[in-house]
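Visitor: Using the numbering used here, you'd call the opening residue of the sequence shown number 11 and step up by one each time.
Here a beta-carbon is modelled for each residue, glycine too, at the ideal position from N, C-alpha and C.
All of these numbers come straight from a predicted model, not from anything done at the bench.
Before anything else, here's the structure in question.
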Amino acid sequence: MLQGSQRPIRNTGWAFDLSQVVQSAIRESGVGTWGLCLALVIAFLGLDGALLFAQHSEPDHESAADVSAPHGHDHHASADGWEGSKAGVAYSEFNHHLAGLFVLLVGFSEMTQALRSSSLGWARMLLPIALLGVAAFLLIWSDHQAWPIGPLSFAETFFGNDHEILQHKTYGLLALTVGLIELYRRLDRLTHVSWLIPLPLFAMIGGIMLFAHSHGAHPAAQKIAMHHAVMGTLAVSAGSSKLASAWRGVFMGWSRSRWETIWAGLILLIGLQLLFYFE
């Protein structure tokens with residue numbers, strides 16, 4: 011009977027090379043970026059879910075009026091008569107209109123890219139500039155009571171129980187993060203395809219958060235909620251279109267895509283809605 015050879019099995023080379031290729035692919039595939047994006051989605055959706063739960067768990071405005079202890083933005087609004095007042099409405103409408111101008115710049119920037127306009131190549135930089143501008147505005151001027159322009163401290167602004175302020179500052183932080191990513195991406199400092207993901211995720215997360223956004227004890231609360239629901243739907247649709255465009259670009263080539271045009275068109279619609287927002 012023949013006996014098998016006792017010599018060790020010789021490494022043919024391909025198995026070792028394949029493992030090296032896989033390890034190299036993992037290191038270079040932007041897994042860290044995908045993990046960061048996933049963490050952002052979970053964190054901000056969790057935050058928004060907590061805010062929404064807290065809003066529905068609070069007593070209504072009539073019963074809350076009987077509570078003597080200060081409680082969130084509703085208390086501040088009712089205490090100084092800001093919500094629904096002529097000054098409060100003017101301040102809120104100005105904020106929305108200015109945000110609309112920034113969003114229109116984003117939409118214009120993306121539409122020039124969707125239409126492959128060579129004469130407007132400079133417009134690609136308008137998107138990060140607009141996002142950084144709206145981030146600065148939200149972090150500083152979004153709420154008259156909030157730090158740094160209002161009486162609330164930094165801790166009360168960012169770690170308090172005022173849902174409206176927390177959501178505005180969350181939008182500001184998101185816009186700042188994505189604005190910096192897009193700036194470096196358009197300067198060719200971030201070249202991996204996975205860096206395309208934060209922008210549409212920002213649109214989708216922001217859109218979902220709008221469904222839970224509240225203006226406190228505002229007399230036109232229902233109309234404002236309808237405005238936000240429409241904007242939220244447009245934003246989620248826009249983000250989904252941008253993701254579809256990125257997916258198509260990766261697997262089918264970066265030719266002109268109708269998804270890019272839909273994305274840019276929806277962003278322009280959101281900008282127009284903000285520009286003509288009224289309470």
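1) Pair every Cβ in the region 111 to 130 with every Cβ in the region 140 to 154, then say whether three or more of these pairs are closer than 8 Å.
2) The alpha helix (DSSP H) spanning E174 covers which residue range?
3) Distance, Cα to Cα, W295 vs K96?
4) Quick check on DSSP: helix, strand or coil for G160?
5) So for Q283, helix, strand or coil by DSSP?
6) Can you tell me whether P208 is buried or exposed? The criterion is at least 16 other CB atoms within 10 Å of its CB, across all chains shown.
7) Leaving out five residues before and five after A156 in sequence, what residues of the same chain have Cβ atoms less than 7 Å from its Cβ?
8) Compare the beta carbon distance of E289 and A230 with 9 Å and say whether it is the shorter of the two.
9) Report the rounded CA-to-CA distance for F147 versus H106, giving the unit in angstroms.
10) Name the two residues that bound the continuous alpha helix (DSSP H) containing F288.
11) State buried or exposed for K179, treating a residue as buried only when at least 16 other CB atoms are found within 10 Å of its CB.
12) State the Cα-Cα distance for the pair S129 and L279, rounded to the nearest angstrom.
13) Would you kindly work out how many angstroms separate the C-alpha atoms of L220 and D198, rounded to a whole number?
14) Just to confirm before moving on: does the CB-CB distance between V246 and I277 stay below 9 Å?
15) Drop a sphere of 10 angstroms on the beta-carbon of W132, count the other beta-carbons inside from all chains shown, and report buried for 16 or more, exposed for fewer.
16) Only counting runs of 4 or more residues, tell me where the alpha helix (DSSP H) segments fall wholly within the region 200 to 230, in order along the chain.
17) Under a three-way DSSP split, which group does Q155 fall into?
18) Would you check if the distance between the CB atom of G281 and the CB atom of V99 is smaller than 9 Å?
19) Can you look up L125 in the DSSP assignment and give me helix, strand or coil?
20) I need the straight-line Cα distance from F169 to S267, nearest angstrom please.
Guide: In brief:
1) yes
2) 173 to 196
3) Only positions 11 to 289 of the chain appear in the structure, and residue 295 is not among them; the question remains open.
4) Of the three classes helix, strand and coil, the one that applies to G160 here is coil, per DSSP.
5) DSSP places Q283 in the helix class (H, G or I) of the three-state scheme.
6) buried
7) L162, T167, I175
8) yes
9) 11 Å
10) Taken as a continuous stretch (DSSP letters only), F288 belongs to no alpha helix (DSSP H), as it is neither H nor E.
11) buried
12) 24 Å
13) Near 32 Å, if we compare the C-alpha coordinates of D198 and L220.
14) no
15) W132 is exposed by the Cβ-count criterion.
16) 208 to 220
17) coil
18) no
19) If DSSP states are grouped into helix, strand and coil, L125 belongs with coil.
20) A straight-line Cα-Cα distance of about 42 Å links F169 and S267.
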